[in-house]
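S.K.:
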Amino acid sequence: MLVHGRVPAYDRVLVHRRVPAYDRLHVRRRVRAGPCGARRLPVPPVNAPLTPPSPEADLPGRPRRDLRSRRTVVALTLTGAVGITGAVALAGALPSGDHRGSARLGTHAPGPSPAPPASPATSPSPGAPGIGDPLMPLDGNGGYTVRRYTLDFDWAAPRTPFGASTTIDATATQALSRFDLDFAGNTLRRVTVDGTPARTVRDGDELVVTPSRPIPHGGAFTVRVDYTADPARQRHRGDAIADYGWVPTPDGTVLYPQPDGAKMIFPVDDHPSLRAPVTFHITTPPDVGAVANGRLVERVRRPDGRIRWTYDSEHPVAAQLVQMAIGRFAFVESAGPRGLPVRDVVPNGLVTGTKAYRALTSEHLAWLERRLGPYPFRRYGVLVADTDLPVALETQSLSVVPRADLLGDRVDAERNLVHELAHQWTGDSVAIRRWSDLWLSEGHARFYERLYSGAHGGDSFESAMRTAYERHDQWRHDDGAPAEPDGDAHLFKQMRYDGSALVLYALREKVGEETFGRIERTWVTTYQGRAAGTHDFVALASGVAGQDLSTFLTPWLYGAHTPPMPGHPDWHPDPVRG
Numbered sequence: 004m005l006v007h008g009r010v011p012a013y014d015r016v017l018v019h020r021r022v023p024a025y026d027r028l029h030v031r032r033r034v035r036a037g038p039c040g041a042r043r044l045p046v047p048p049v050n051a052p053l054t055p056p057s058p059e060a061d062l063p064g065r066p067r068r069d070l071r072s073r074r075t076v077v078a079l080t081l082t083g084a085v086g087i088t089g090a091v092a093l094a095g096a097l098p099s100g101d102h103r104g105s106a107r108l109g110t111h112a113p114g115p116s117p118a119p120p121a122s123p124a125t126s127p128s129p130g131a132p133g134i135g136d137p138l139m140p141l142d143g144n145g146g147y148t149v150r151r152y153t154l155d156f157d158w159a160a161p162r163t164p165f166g167a168s169t170t171i172d173a174t175a176t177q178a179l180s181r182f183d184l185d186f187a188g189n190t191l192r193r194v195t196v197d198g199t200p201a202r203t204v205r206d207g208d209e210l211v212v213t214p215s216r217p218i219p220h221g222g223a224f225t226v227r228v229d230y231t232a233d234p235a236r237q238r239h240r241g242d243a244i245a246d247y248g249w250v251p252t253p254d255g256t257v258l259y260p261q262p263d264g265a266k267m268i269f270p271v272d273d274h275p276s277l278r279a280p281v282t283f284h285i286t287t288p289p290d291v292g293a294v295a296n297g298r299l300v301e302r303v304r305r306p307d308g309r310i311r312w313t314y315d316s317e318h319p320v321a322a323q324l325v326q327m328a329i330g331r332f333a334f335v336e337s338a339g340p341r342g343l344p345v346r347d348v349v350p351n352g353l354v355t356g357t358k359a360y361r362a363l364t365s366e367h368l369a370w371l372e373r374r375l376g377p378y379p380f381r382r383y384g385v386l387v388a389d390t391d392l393p394v395a396l397e398t399q400s401l402s403v404v405p406r407a408d409l410l411g412d413r414v415d416a417e418r419n420l421v422h423e424l425a426h427q428w429t430g431d432s433v434a435i436r437r438w439s440d441l442w443l444s445e446g447h448a449r450f451y452e453r454l455y456s457g458a459h460g461g462d463s464f465e466s467a468m469r470t471a472y473e474r475h476d477q478w479r480h481d482d483g484a485p486a487e488p489d490g491d492a493h494l495f496k497q498m499r500y501d502g503s504a505l506v507l508y509a510l511r512e513k514v515g516e517e518t519f520g521r522i523e524r525t526w527v528t529t530y531q532g533r534a535a536g537t538h539d540f541v542a543l544a545s546g547v548a549g550q551d552l553s554t555f556l557t558p559w560l561y562g563a564h565t566p567p568m569p570g571h572p573d574w575h576p577d578p579v580r581g
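Residue numbers (the numbering used here): 4 to 581.
1) Which residues in the same chain have their Cβ closer than 6 Å to the Cβ of Trp312, if we skip the five residues on either side of it in sequence?
2) Within 10 Å of its beta-carbon, does Thr252 have 16 or more other beta-carbons around it, so buried, or fewer, so exposed?
3) What does a CB cutoff of less than 6 Å around His29 pick up in its chain, not counting 5 residues either side in sequence?
4) Just tell me which of His493, Ser439, Thr256 has its CA closest to the CA of Arg162.
5) For Thr528, name the three-state secondary structure that DSSP assigns.
6) Please return the same chain residues whose Cβ sits closer than 6 Å to the Cβ of Ser180, not counting the five positions on each side in sequence.
7) Report the three-state DSSP secondary structure of Trp249 (helix, strand or coil).
8) Is DSSP giving Gly515 helix, strand or coil here?
9) Between the region 540-556 and the region 402-420, are three or more C-beta pairs nearer than 8 Å?
10) Taking the alpha carbon of Arg305 as the point to measure from, which residue in Asp273, Asp315, Pro288 has its own alpha carbon closest?
11) Give a yes or no on whether the C-beta atoms belonging to Val387 and Asp347 are separated by under 9 Å.
12) Looking at the unbroken beta strand (DSSP E) that takes in Ser1, where does it start and where does it end?
13) Three or more C-beta pairs closer than 8 Å, one from the region 318-336 and one from the region 257-268: is that the case here?
14) Which residue's Cα is closest to the Cα of Ala167: Val204, Leu141, Tyr230?
15) Closest Cβ-Cβ distance between Ser444 and chain B: below 9 Å?
16) Have a look at Gln326, Arg341, Pro350 and flag the residue whose alpha-carbon is nearest the alpha-carbon of Val335.
17) At the level of alpha carbons, what is the spacing between Pro558 and Pro566?
18) Does Val579 pass the burial test, meaning 16 or more other C-beta atoms within 10 Å, or should it be called exposed?
19) How big is the Cα-Cα spacing for Val317 and Ala509?
20) Only counting the same chain, and skipping five residues up and downstream in sequence, which positions put a Cβ closer than 6 Å to that of His3?
21) Since Leu454 is in the beta strand (DSSP E), which residue starts that stretch and which ends it?
22) In this structure, does DSSP put Gln427 in helix, strand or coil?
23) Is the distance from the Cβ of Gly536 to the Cβ of Asp440 below 9 Å?
24) Alpha carbons only, please: which of Thr518, Val228, Asp481 is nearest the one belonging to Gln550?
25) For Ile329, which residues does DSSP report across the bridge?
26) Are the region 199-210 and the region 454-472 in contact at 8 Å, needing three or more beta carbon pairs?
27) Taking just the CA atoms, how far does Ala235 sit from Arg27?
28) By Cβ distance, which residues of its chain are closer than 8 Å to Leu299, with the 5 residues on each side in sequence left out?
29) Report the option in Gln497, Leu375, Ile310 whose CA atom is closest to the CA atom of Glu445.
30) Can you find at least 3 beta carbon pairs, one from the region 412-429 and one from the region 371-385, that sit closer than 8 Å?
31) Got a sec, what are the start and stop residues for the alpha helix (DSSP H) Ala544 sits in?
32) What distance in whole Å lies between the Cβ atoms of His422 and Ala458, which are believed to be in contact at a cut-off of 8 Å?
33) Assuming Ile268 and Gly297 form a contact by the criterion Cβ under 8 Å, report the distance between their Cβ atoms to the nearest whole angstrom.
34) Unbroken alpha helix (DSSP H) runs of length 4 or more, entirely within the region 480-516: which are they?
35) Secondary structure at Tyr230, three-state DSSP: helix, strand or coil?
36) Among the residues of its own chain, which have a CB less than 6 Å from the CB of Arg524, if the five just before and after it don't count?
So this is what it looks like as structure tokens:
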């Protein structure tokens, strides 16, 4: 149920409603108990590649689709991560080099590696159908990295299929006999590799492409996929995501690709750790506008009167953060701190009604910059979604906020605006390495949302954290510990929001506000434009604090029970029910 206006704390996740808990898809396993019941298993080195699913040789009919429902347990043992002096002892936990290097155009953010690179002499073999993320094993693909996506949409009308093409410039990381793209639905018309027709097979959400000749290791290649896009195609999750994919509006469309819905929009390497720059070509009727991540490069009227809009993402972007919207918009421009361009995209009928809350963006930017450092992208803005879907989303440099959020109570509006803006630092610029690291993205966004709200008319920050503490054991029981979700159906539940913000609050209580602030700023500076995971955060926090924080954070992140809260001996979790 959509709720407008003030609601009690924790009655809203991000969609402002309670969501029935999924049946737990938890694979019971025997584990050793750590502090406070922490579940701990031997693990590979911190930044070891994820093991991708094996690409079976027989096509069609590869028995692979059941991989998505299998729970592959990866427990991250943190004890001993750093010495008491703060020296990092986790090999590879803090990648060296200029953090800006991996954010250049034409690069991937480091993340789970598809597979060890093959030597040039290796015989061609199939690329893996996924990068092996334990929660979503078939997301992403092996055997190549994407240098750039070029999307070309010849849009017609809401819910009306239209012609589309995606061009992918990639580099082979092994000698490839074939490779996969993540691509769900839509009507496939033609696929070429370097201009030559390729053989294709649809296998669930995988498009398997066999080029006319093998691609050598290190070889650059270009894939073009022509298809008919279905702008009404979406899926549903029983958590804070709700509907995702294409979301029609009265006069256009808006994208909600999180968590892995980009594959319903274009063929892609669909994992949050994998990024590439995107060029958008969007052709529309003359009476509607188009917007996408980044900057408008050109707007050209064609001889038939239709308008071709070209946008460049400016920065590499993960598939789940891609945005492209069409409708009768007003483009409202202003300036943020230090002249940062701010561009809001607002349906014509909502410009006046949403103005007061949209005008707070500059204040929100300044507040977050004091805590996290300079805003990490070249521009920002709010896309007001003319939809009944009560979900806001942090699409990169252009956050989607549903109209109801900006037409109701100021406290609720600011909570959502600050939440999505905070994601631009944590979740967008600093990407998660694997889905079990989602707590780092949603926990940080909820932490700063609650902190800001407590100082601007909302529930006090400490009160919100105490309420989260009381419910923490129940959330652990229902959906898994913050860094160990009980399957992908339990990802976007309350534990990844307020439950994960509570972990950061506990860390702040442990090390003090000043040290916590240094940890946060160092985190976003060190990993700007890169992917990072739970081990990386624990190692960095320990290094900044000058003490081993792994034994403190392990039970908070993986334990079956909520540890004591530093400085609050009177706080107690409520009994678990069910």
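Beta carbons: idealized from backbone N, C-alpha and C, even for Gly.
M.R.: Checking against the coordinates, here is how it stands:
1) Along the sequence shown, one-based indexing puts residue 312 at 309. Ile285, Ala293, Arg302.
2) Mapped onto the sequence shown, residue 252 falls at position 249. With a threshold of 16 other beta carbon atoms within 10 Å, Thr252 meets it and is buried.
3) Here the question's residue 29 lines up with position 26 in the sequence shown. Because the pLDDT of His29 is 32, which lies under 50, any placement of that residue in the model is unreliable, and the question is left without a value.
4) Position 159 of the sequence shown, counted from the first residue, corresponds to residue 162. For Arg162, the nearest C-alpha among the options comes from Thr256.
5) Taking the first residue of the sequence shown as 1, we reach residue 528 at position 525. The answer is helix: DSSP assigns Thr528 an H, G or I state.
6) What you label residue 180 is simply residue 177 of the sequence shown in a count that begins at 1. For Ser180, where only same-chain residues beyond five positions count, the Cβ hits under 6 Å are Pro127, Ser128, Pro129, Pro217.
7) As a first step, residue 249 is located in the sequence shown; it is residue number 246 there, counting from the start. Note: Trp249 maps to strand in three-state DSSP.
8) For this step, residue 515 is matched to residue 512 along the sequence shown. Under the three-state reduction of DSSP output, Gly515 falls in the coil class, being neither helix nor strand.
9) Put simply, the region 540-556 does not touch the region 402-420. Fewer than three CB pairs are less than 8 Å apart.
10) For the purposes of this step, residue 305 is taken as residue 302 along the sequence shown, with counting starting at 1. The shortest Cα separation from Arg305 among Asp273, Asp315, Pro288 belongs to Pro288.
11) As a working mapping, residue 387 is identified with position 384 in the sequence shown. As a working mapping, residue 347 is identified with position 344 in the sequence shown. The answer is yes: Cβ separation under 9 Å.
12) Shown here, the chain extends from 4 to 581; a query on residue 1 therefore has no answer.
13) yes
14) As a first step, residue 167 must be located in the sequence shown, where it is residue number 164. Minimum Cα distance to Ala167 is reached at Tyr230.
15) This model lacks chain B altogether; it includes just one protein chain.
16) The sequence position of residue 335 within the sequence shown is 332, counting from 1. Closest by alpha carbon: Pro350.
17) As a first step, residue 558 must be located in the sequence shown, where it is residue number 555. As a first step, residue 566 must be located in the sequence shown, where it is residue number 563. In a straight line, the C-alpha of Pro558 is about 7 Å away from that of Pro566.
18) Stepping through the sequence shown from its first residue, residue 579 is reached at position 576. It counts as exposed.
19) For the purposes of this step, residue 317 is taken as the residue at position 314 of the sequence shown. For the purposes of this step, residue 509 is taken as the residue at position 506 of the sequence shown. Looking at the sequence shown, residue 317 is not Val but Glu. Distance between the alpha carbons of Glu317 and Ala509: 37 Å.
20) No statement about residue 3 is possible, as the shown extent of the chain runs from 4 to 581 and does not include it.
21) Mapped onto the sequence shown, residue 454 falls at position 451. Leu454 -> not in any beta strand (DSSP E); alpha helix (DSSP H) instead, spanning 441-458.
22) On the sequence shown, position 424 is the one that residue 427 refers to. In this structure, Gln427 counts as coil in the three-state DSSP scheme.
23) The sequence position of residue 536 within the sequence shown is 533, counting from 1. The sequence position of residue 440 within the sequence shown is 437, counting from 1. It is a contact, given that the beta carbons lie within the stated cut-off.
24) Stepping through the sequence shown from its first residue, residue 550 is reached at position 547. If we check each option's Cα against that of Gln550, Thr518 comes out closest.
25) Along the sequence shown, one-based indexing puts residue 329 at 326. DSSP, once it has assigned bridges, lists Thr256, Ala293 as partnering Ile329.
26) Output reads no: the region 454-472 does not touch the region 199-210.
27) The residue given as residue 27 occupies position 24 in the sequence shown. The residue given as residue 235 occupies position 232 in the sequence shown. At Arg27 the pLDDT is 30, less than 50, meaning the model places this residue with poor confidence; the figure from the coordinates comes in the next sentence. Using only the alpha carbons, I get a separation of about 30 Å.
28) Position 296 of the sequence shown, counted from the start, is the residue given in the question as residue 299. Trp312, Thr313, Tyr314, listed in sequence order.
29) Along the sequence shown, read from residue 1 onward, the residue named residue 445 stands at position 442. Closest by alpha carbon: Gln497.
30) The region 412-429 vs the region 371-385: in contact.
31) Here residue 544 corresponds to residue number 541 of the sequence shown, with the count starting at 1. Counting along the chain, the alpha helix (DSSP H) containing Ala544 begins and ends at 537-548.
32) Counted from its first residue, the sequence shown places residue 458 at position 455. Counted from its first residue, the sequence shown places residue 422 at position 419. Not really, about 15 Å apart at Cβ, beyond 8 Å.
33) The count along the sequence shown starts at 1 and reaches residue 268 at position 265. The count along the sequence shown starts at 1 and reaches residue 297 at position 294. Not a contact, Cβ separation roughly 17 Å.
34) 501-514
35) Start at 1 with the first residue of the sequence shown, and residue 230 comes out as number 227. Under the three-state reduction of DSSP output, Tyr230 falls in the strand class.
36) To locate residue 524, count along the sequence shown from 1; it is residue 521. Cβ within range, chain order: Gly376.
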